[in-house]
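So the structure is just underneath, and the comments pick up after that.
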Amino acid sequence: MHNHDNQTHTHFSKLFHLKDKLGLLYSHIVIQSFAISLISVFVPIYLLTIDFTLSQVFLYLLVEWTLFGLLAPLYGKIIHKLGLKEIILIRTPFLIIGLMLLFSLETSTLIRNYYLIIPIIMGASGALYTLSISSLFAKYMGNKKQTEKTAKFMSYPRIFAIASPTIGAIIASYFGFSFLLTLVSIFLFISVFPIFLIKQKISHPKFNLKVFKEIKLELKEFLLLMAYGITGLVFSLILPITLYLYSSNIISLGIFISAISLISAIFTIYLGKLANRHGYTKILKIGALLTFVLLILIGYFLKSEYIIHLSLISGFVNILINLPYETHLYKKSREHKSHLEFLVFKEFSLYFGRIFLFGILILFFSNIEFSYYLGAFASLAFLLF
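Position one of the sequence shown corresponds to residue 140 (this note's numbering), numbered consecutively onward.
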């Protein structure tokens, strides 16, 4: 499971400001968002606490993102055939199974030997859900004030989940990760009940693999998506691991992540209004330069106390790329007959950046410092926007 609410992509908890249009689906998203945010940032940490090496953790994440992005065209076909309601009903049990398998890693040698089955389940189920919810947002987002709407789309789930990392950390510290995983599974199970009560038909997003193949994306856009995939994972996955390795304290990590989320949520809404007045291109380029400087500094001060201050600054700087580029991507998705087709292409392209990052990390013996320098130079790609 990846840290969805930190990048776009983030992915598990979306569309809160469309409550009136979503009805019972909104209730599902609220419960699911809270449950996921309790555990998402701690999955790599949990693996480290049960004596997984950094290389094994990065391999786990590589497999998860491979299943998430590489098979995106297949997921598009499945969503088109089944529909959103059915996807949620199928996906949630698979997610619970994945969490139970994570729980079993501590006690089962068999599961531990074949642990990569877990990220396969997590990646596939996560992609189906993410593409469905993102497609709904693209459908309902109007043409006016798109940056501001994207800001709300990205910040409301974050506002709702700000305390969750701290709550999750306290539960994991006092009752253990096994109890936390069980609690999250119960919440996920409860989140399905509102779906059974939905009587109105939710239209199936259109998806045609032939049309997907015909989408012509410039090389520049493809490189930007790769860069976005790299910088996003550095902030959402590598940074929490870094903070844990620095503090060796799960509760401290939870507080750090909550603080970063609070800064991001507040600044996201403000920036959305600012971008609507001044345009997002200038903000994106400023974000590229500041991200470059910040990631270089984090890499340099990796083992010093400055890492705490720099990580808090990341809550502000990361949004300078995320918000304008997400706005651009959703605007682009609306130019196609089916929003889902472009969103599938987006995830497919992001995959190459993610696999490049984790592939390099595994090859270079899990050198976390290198990942920050790689992310820094990747962020400069947005100067070409």
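Don't be surprised by glycine CBs; every beta carbon is placed ideally from N, CA and C.
Cα-Cα separation between residue i and residue j, rounded to whole angstroms
i, j, result
"Lys153", "Ile301", "Because Lys153 carries a pLDDT of 43, less than 50, the predicted location of this residue cannot be relied on, and no value is offered for it."
"Ala398", "Tyr185", "21 angstroms"
"Leu392", "Thr305", "8 angstroms"
"Leu320", "Ile422", "39 angstroms"
"Tyr512", "Leu372", "13 angstroms"
"Phe233", "Ala263", "9 angstroms"
"Leu459", "Gly237", "34 angstroms"
"Phe326", "Phe181", "17 angstroms"
"Lys359", "Ala366", "11 angstroms"
"Lys220", "Ile235", "23 angstroms"
"Leu336", "Leu223", "14 angstroms"
"Lys424", "Ser400", "22 angstroms"
"Thr466", "Ser179", "24 angstroms"
"Ala261", "Ile250", "The sequence given here places Met at residue 261; Ala does not occur at that position. Roughly 15 angstroms separates the two Cα atoms."
"Gly514", "Leu441", "14 angstroms"
"Leu468", "Ser443", "37 angstroms"
"Ile217", "Ile168", "21 angstroms"
"Ala174", "Phe361", "33 angstroms"
"Lys311", "Phe524", "Rather than Lys, the amino acid found at residue 311 in this sequence is Ala. The straight-line gap from Cα to Cα measures roughly 42 angstroms."
"Leu519", "Thr248", "44 angstroms"
"Tyr409", "Lys470", "20 angstroms"
"Phe491", "Ser166", "34 angstroms"
"Gln285", "Ser194", "The pLDDT assigned to Gln285 is 48, lower than 50, so where the model puts this residue is not dependable; a value taken from the coordinates is nonetheless given after this. Going from the Cα of Gln285 to the Cα of Ser194 covers about 40 angstroms."
"Leu525", "Thr420", "Not covered by the structure: residue 525. The range shown for the chain is 140 to 524."
"Tyr313", "Ser303", "15 angstroms"
"Glu287", "Gly411", "Note that Glu287 scores a pLDDT of 47, beneath 50, so its modelled location is shaky and nothing firm can be said."
"Ala404", "Ile499", "31 angstroms"
Closest Cα partner of residue i within the set the options
i, options, result
"Thr246", "Leu200, Ile189, Ile227", "Ile189"
"Thr430", "Asn461, Tyr409, Ser179, Leu382", "Asn461"
"Ile389", "Asn457, Thr466, Ile309", "Ile309"
"Leu213", "Leu267, Asn457, Gly426", "Leu267"
"Leu200", "Lys220, Gly426, Ile259, Leu221", "Ile259"
"Phe455", "Phe406, His167, Phe509", "Phe406"
"Arg416", "Phe509, Pro463, His219", "Pro463"
"Leu496", "Leu187, Ile178, Trp204", "Trp204"
"Met239", "Phe524, Ser317, Gly498", "Ser317"
"Thr192", "Ser518, Ile501, Ser510", "Ile501"
"Leu382", "Ile408, Phe332, Thr420, His448", "His448"
"Phe509", "Phe524, Lys470, Gly438, Phe487", "Gly438"
"Leu198", "Leu177, His167, Thr248, Ile257", "Ile257"
"Ile334", "Arg230, Phe491, Ile499, Phe487", "Arg230"
"Gln172", "Gly265, Phe242, Leu206, Leu241", "The sequence given here has Ser at residue 172, not Gln. The candidate whose alpha carbon is nearest that of Ser172 is Gly265."
"Leu187", "Thr248, Ser166, Leu384", "Leu384"
"Tyr445", "Ser386, Ala404, Phe491, Thr420", "Ser386"
Beta-carbon gap between residue i and residue j smaller than 8 angstroms
i, j, result
"Ser453", "Leu433", "yes"
"Ile507", "Ile369", "no"
"Ile402", "Leu436", "no"
"Leu209", "Leu364", "no"
"Pro379", "Ile396", "yes"
"Leu177", "Gly315", "no"
"Leu228", "Val331", "yes"
"Pro183", "Val196", "yes"
"Phe374", "Asn457", "yes"
"Phe486", "Phe207", "The sequence given here has Glu at residue 486, not Phe. For Glu486 and Phe207, yes; Cβs fall inside 8 angstroms."
Whole-angstrom C-beta distance between residue j and residue i, which should lie under 8 angstroms
i, j, result
"Leu244", "Tyr253", "The pair is not a contact, with the Cβ atoms about 10 angstroms apart (cut-off 8 angstroms)."
"Ile170", "Ile329", "6 angstroms"
"Gly215", "Leu270", "7 angstroms"
"Gly426", "Phe521", "7 angstroms"
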